[in-house]
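Numbering-wise, our numbering comes out as the position in the sequence shown, counting from 1, plus 4. The structure under discussion appears below in the form of structure tokens.
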Amino acid sequence: MIIDFHTHMFPDKIAKGTLDFLAGVCRIKPYTDGTFTGLCESARQAGIDISIALPAVTKPSQAESVNRFAAQFQEGPVISFGGIHPDCENYKEILRQLRDMGIKGIKLHPDYQDMYFDDIRYKRLVSYASELSLIVSVHAGRDPKCPQDVHCTPQMALELIRDVRPDKLVLAHMGGNELWDETERFLVGQNVYFDTGVVLGRMPKEQFIRMVRSHGADKILFATDSPWGGQKEFVEILSDMPLTSEEKELIFSGNARRLLDF
Numbered sequence: 005m006i007i008d009f010h011t012h013m014f015p016d017k018i019a020k021g022t023l024d025f026l027a028g029v030c031r032i033k034p035y036t037d038g039t040f041t042g043l044c045e046s047a048r049q050a051g052i053d054i055s056i057a058l059p060a061v062t063k064p065s066q067a068e069s070v071n072r073f074a075a076q077f078q079e080g081p082v083i084s085f086g087g088i089h090p091d092c093e094n095y096k097e098i099l100r101q102l103r104d105m106g107i108k109g110i111k112l113h114p115d116y117q118d119m120y121f122d123d124i125r126y127k128r129l130v131s132y133a134s135e136l137s138l139i140v141s142v143h144a145g146r147d148p149k150c151p152q153d154v155h156c157t158p159q160m161a162l163e164l165i166r167d168v169r170p171d172k173l174v175l176a177h178m179g180g181n182e183l184w185d186e187t188e189r190f191l192v193g194q195n196v197y198f199d200t201g202v203v204l205g206r207m208p209k210e211q212f213i214r215m216v217r218s219h220g221a222d223k224i225l226f227a228t229d230s231p232w233g234g235q236k237e238f239v240e241i242l243s244d245m246p247l248t249s250e251e252k253e254l255i256f257s258g259n260a261r262r263l264l265d266f
């Protein structure tokens, strides 16, 4: 089994416009059309069994509609997490609703939410999500939107981890996109998962292998960040890595199945 722990899709009526906007920001051509159908076809071609969709809520007023869309995808080839903004005053109510709907986790994007990850509002939110046993996936490291103003550095993540002690925190992009030296210094060995979204083929292979071994293959999640990473291409890259079959099994699906309680 292969589970892609970090993908994106949008309602059909806004997918094209959203992807056109984001492609301009990221200066990269997407691998899918950003729809549910496009993601399913990409996953089929890659041999991926389940794609986890991660919606980003960029302002509090979006939470209700984003989560209404996410609730439609809780079984089958795509399973969607919920979304929430740290400025949502009723964040506890929203998180309880997500849990009660059977949604497994939430996505946070500090850069698009214009807030630093060591802010008390994130700490409160992550703490309560952890009480509810929700997975918390966070964009970490540089983002093309504001590459010089990183809203989730490894140091910020470490402060939150020490203060909150979450059990199911996932830092995308191997703990900090393009900040992997700092990730090795501050986060390797902590109780946190890293996902491989968008970094395979970009991150130095030697550093990736070293981090898998020093952090533990049991804390690494296969992810592409589709449509910004090619699912077929990422499966091939990880399959060709000089890792043991046991390490690959954990990364491809074992760790995700444990987190998702499959």
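Ideal Cβ positions, reconstructed from N, Cα and C, are used throughout, including at glycine.
Check your understanding: Under three-state DSSP, which class holds residue 12?
Key -> Start at 1 with the first residue of the sequence shown, and residue 12 comes out as number 8. Coil.
Check your understanding: Can residue 9 and residue 260 be called in contact, C-beta distance under 7 Å?
Key -> Here residue 9 is taken as the residue at index 5 of the sequence shown, counted from 1. Here residue 260 is taken as the residue at index 256 of the sequence shown, counted from 1. In contact: residue 9 and residue 260 (Cβ atoms closer than 7 Å).
Exercise for review: Alpha carbon to alpha carbon, how far is residue 92 from residue 113? Give it in angstroms, no decimals.
Suggested key: On the sequence shown, residue 113 is found 109 positions in, with the first residue counted as 1. On the sequence shown, residue 92 is found 88 positions in, with the first residue counted as 1. Whole-angstrom Cα-Cα distance: 14 Å.
Point to revise | Alpha carbon of residue 3 to alpha carbon of residue 100, nearest angstrom | key: In the structure as shown, the chain begins at 5 and stops at 266. Residue 3 is therefore absent and cannot be evaluated.
Point to revise | In DSSP terms, what residue 122 is bridged to | key: Residue mapping note: residue 122 aligns to position 118 of the sequence shown, counting from 1. In DSSP, residue 122 forms no bridge with anything.
Review point. Can you give the Cα-Cα distance for residue 107 and residue 263, rounded to whole angstroms?
Key: Reading the sequence shown from its first residue, position 103 is the one you call residue 107. Reading the sequence shown from its first residue, position 259 is the one you call residue 263. Their Cα atoms are separated by approximately 13 Å.
Exercise for review: Spatial neighbours of residue 67 within its chain, please: CB distance less than 7 Å, with the 5 preceding and 5 following residues excluded, ordered by chain position.
Suggested key: The count along the sequence shown starts at 1 and reaches residue 67 at position 63. Closer than 7 Å at Cβ, skipping near neighbours: 61, 87, 88, 89, 92, 98.
Check your understanding: Secondary structure at residue 133, three-state DSSP: helix, strand or coil?
Key -> As a first step, residue 133 must be located in the sequence shown, where it is residue number 129. Helix at residue 133.
Review point. How long is the line joining the alpha carbons of residue 329 and residue 6, rounded to whole angstroms?
Key: Outside the shown range of the chain, which is 5 to 266, sits residue 329, and nothing can be said about it.
Check your understanding: Can the beta-carbon of residue 235 be found closer than 7 Å to that of residue 47?
Key -> Here residue 235 refers to the residue found at position 231 of the sequence shown. Here residue 47 refers to the residue found at position 43 of the sequence shown. Yes, the Cβ-Cβ distance between residue 235 and residue 47 is below 7 Å.
Point to revise | Counted within 10 angstroms of its Cβ, other Cβ atoms place residue 266 as buried (16 or more) or exposed | key: As a first step, residue 266 is located in the sequence shown; it is residue number 262 there, counting from the start. Exposed.
**Study point:** Whole-angstrom distance between residue 26 and residue 138, CA atom to CA atom
**Key:** To locate residue 138, count along the sequence shown from 1; it is residue 134. To locate residue 26, count along the sequence shown from 1; it is residue 22. Between residue 138 and residue 26, the C-alpha separation is close to 28 Å.
Check your understanding: Are there three or more Cβ pairs, one per stretch, closer than 8 Å when the region 161-168 is compared with the region 190-209?
Key -> yes
Check your understanding: Counting only beta-carbon atoms, is residue 28 nearer than 7 Å to chain B?
Key -> Here there is only one protein chain, and chain B is not present.
Exercise for review: Can you give me the Cβ contacts of residue 181 inside the same chain, cut-off strictly under 6 Å, excluding the 5 residues immediately before and after it?
Suggested key: Against the sequence shown, residue 181 aligns to sequence position 177. 145, 146, listed in sequence order.
Point to revise | Spatial distance of residue 39 from residue 246 (CA atoms) | key: Along the sequence shown, read from residue 1 onward, the residue named residue 39 stands at position 35. Along the sequence shown, read from residue 1 onward, the residue named residue 246 stands at position 242. So the alpha carbons of these two residues sit roughly 34 Å apart.
Review point. What residue ranges within the region 163-210 form continuous beta strand (DSSP E) runs of no fewer than 3 residues, ordered along the chain?
Key: 173-175, 197-199
Exercise for review: State the CB to CB distance for the pair residue 1 and residue 222, rounded to an integer number of angstroms; the pair is presumed to be in contact (CB under 8 Å).
Suggested key: Residue 1 is absent from the model: the chain starts at 5 and stops at 266.
**Study point:** N- and C-terminal bounds of the beta strand (DSSP E) containing residue 42
**Key:** In the sequence shown, residue 42 corresponds to position 38, counting from 1. Unbroken run through residue 42 is the alpha helix (DSSP H), 40-50; no beta strand (DSSP E).
Check your understanding: Hey, residue 258 and residue 229: beta-carbon distance below 7 Å or not?
Key -> Along the sequence shown, read from residue 1 onward, the residue named residue 258 stands at position 254. Along the sequence shown, read from residue 1 onward, the residue named residue 229 stands at position 225. No, Cβ-Cβ distance for residue 258 and residue 229 is not below 7 Å.
Review point. In angstroms, rounded to a whole number, what distance separates the CA positions of residue 211 and residue 170?
Key: The count along the sequence shown starts at 1 and reaches residue 211 at position 207. The count along the sequence shown starts at 1 and reaches residue 170 at position 166. Going from the Cα of residue 211 to the Cα of residue 170 covers about 26 Å.
Practice item. Give the DSSP-derived three-state secondary structure of residue 19 in the structure shown. Key: Position 15 of the sequence shown holds residue 19. It is helical.
**Study point:** For residue 252, the three-state DSSP class (helix, strand or coil)
**Key:** In the sequence shown, counting from the first residue as 1, residue 252 sits at position 248. Reduced to three states, the DSSP call for residue 252 is helix.
Check your understanding: Nearest CA to the CA of residue 69: which residue from 215, 125, 199, 15?
Key -> As a first step, residue 69 is located in the sequence shown; it is residue number 65 there, counting from the start. Looking at the Cα atoms, 15 is the closest of the given residues.
Check your understanding: Going by the beta-carbon positions, is the gap between residue 129 and residue 95 smaller than 7 Å?
Key -> Within the sequence shown, numbered from 1, the residue matching residue 129 stands at position 125. Within the sequence shown, numbered from 1, the residue matching residue 95 stands at position 91. Yes. Within cutoff.
Point to revise | Secondary structure of residue 154, DSSP reduced to three states | key: On the sequence shown, residue 154 is found 150 positions in, with the first residue counted as 1. Reduced to three states, the DSSP call for residue 154 is coil.
Practice item. Below 7 Å CB to CB, which residues in the same chain sit around residue 19 once its five sequence neighbours on both sides are set aside? Key: The residue labelled residue 19 in the question sits at position 15 within the sequence shown. So the qualifying residues of the chain are 37, 38, 39.
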